[in-house]
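For the sequence shown, the residue numbers in the numbering used here are 484 to 711.
All residues carry an ideal CB built from backbone N, CA and C; glycine is no exception.
As structure tokens, the structure follows; a few thoughts come after it.
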Amino acid sequence: MIELPVYDLDGKQVDTFSVDEALLGGEIRPALLKQAYVRSHANRRQGSARTKNRGRVEGSTRKLFKQKGTGNARRGTVRTNIMKGGGVAFAKTRTGEDFRKDMPRKMRRLANRNALLAKAVDQEIKVIDRINLDAPKTAAFKSMLEKVGIDRSCLVALDSANVNARRSARNLDGVDTIRWEQLNAFELLNHRYLVIEKAHLKAFIEGAHCTGGAEGGAPAPAAKKGGR
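And the structure:
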């Protein structure tokens, strides 16, 4: 069991939260985490990059100088690929490229839990008893993060109703928010710390083993076209 301290908004420890490693995969699996990270990263690519060859670049076809007698290397049009502003030697002309990768659902869910286990082992999960702010206040939110020991990038997991906390965090550098039901390996590995309420962490761990849950463990949200 991994014991995580539970803090209040003033940074004082008020409780502890026990995490059972067996519920999160038992051990850290670097190969699985890398596969999940690469998949999420690849699925974000649009595949719409296009370049022009020398025939498609605008420019004069005039020969820059005569072929012989100048002492310079032979030079033709300004649209050649070795000239600044010229075309590309091997231009990308395909109408679309698909970089998407897939993983079985069980592997995705295990990767999400395993990324959470990696954070727990390194004591990089900051559990808050309750994140309740009366109004959006960036200074108050920043003070809370400093009091619980956040000194690098962090991911704040909130519920959809906690508008004040989400608005308080959006102006802070290195701080991103996410719905706790949508926690995934990619976002967890992209941030040093995870800040989450005690009730949400408990629900995520318990829901990760429900057969009807989403990849993160909670009831699946409505699917969006083009999502990762």
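Inclusion of D493 and K625 in the CB contact set at 8 angstroms is not warranted, their separation being larger than that value. The region 655 to 674 and the region 586 to 601 touch, with three or more beta-carbon pairs separated by less than 8 angstroms. Where A668 is concerned, the enclosing alpha helix (DSSP H) starts and stops at A668 to L672. Comparing alpha-carbon positions, the option among I633, A640 and V561 lying closest to D656 turns out to be I633. Cα atoms of R650 and I614: separation of roughly 13 angstroms, rounded to the nearest angstrom. By the neighbour-count definition (other C-beta atoms within 10 Å, threshold 16), A618 is an exposed residue. As the crow flies, the alpha-carbon of L616 is around 25 angstroms from that of I688.
When beta bridges are read from the DSSP output, V610 appears opposite V489 and I679.
Approximately 53 angstroms separates the beta-carbon atoms of V604 and G569; this is outside 8 angstroms, ruling out the contact.
Annotation: T621 to D585 spans about 39 angstroms, alpha carbon to alpha carbon. For R596, the enclosing alpha helix (DSSP H) has its first and last residue at R588 to V604.
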